[in-house]
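Please read the structure below before turning to the comments.
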Amino acid sequence: MNAPDSSTPQPRIASEACLSRLRKAIATRLREPEGGENELRAALQEVAAEAKARSLRPEELIVSLKMVLGEAAAEKPRSDLEEQRRLKEWLVKACIQAYFGK
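Note that our numbering has the sequence shown beginning at 24, numbered continuously upward.
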């Protein structure tokens with residue numbers, strides 16, 4: 024079995040506009056851990072809907088979601104690592120719920 028070809032671009036899980044809203048919602052949540060859940064949940068619903076429309080598997084969506092989280096966290100390097108871990112767990116759970124419709 025061959026390793027994945029890293030020179031081949033990975034399929035985007037959603038449109039750039041949708042991913043931008045998700046990045047913004049994640050960044051807001053990293054700045055304000057107690058708020059922004061509704062905005063983030065709405066962005067996840069949109070991303071999950073686009074991923075399903077593109078027939079992506081849930082695991083592809085989760086891998087991509089973690090990449091978007093990493094991008095958003097890199098923009099705010101001083102954010103608490105424990106909060107990032109909790110947010111990642113919450114995102115994965117909420118993403119699965121959005122993908123499968125709870």
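Ideal placement from N, C-alpha and C gives every residue a C-beta, glycine not left out.
Could you pull the start and end residues of the alpha helix (DSSP H) that residue i belongs to?
i      : result
Ala117 : 104 to 123
Less than 8 Å separating the beta-carbons of residue i and residue j?
i     : j      : result
Ile36 : Leu79  : yes
Glu73 : Ser38  : yes
Gly59 : Ala48  : yes
Ala95 : Leu53  : yes
Ala71 : Tyr122 : yes
Leu63 : Leu88  : no
Determine the DSSP secondary structure at residue i, reduced to helix, strand or coil.
i     : result
Arg77 : coil
Gly93 : helix
Ser38 : coil
Glu6  : In the structure as shown, the chain begins at 24 and stops at 125. Residue 6 is therefore absent and cannot be evaluated.
Glu98 : coil
Tell me the rounded alpha-carbon separation between residue i and residue j.
i      : j      : result
Ala40  : Ala50  : 15 Å
Glu112 : Ile85  : 11 Å
Glu55  : Val91  : 18 Å
Gln107 : Gly124 : 25 Å
Asp103 : Asn61  : 21 Å
Gly93  : Arg46  : 9 Å
Arg77  : Glu83  : 11 Å
Glu105 : Ala97  : 15 Å
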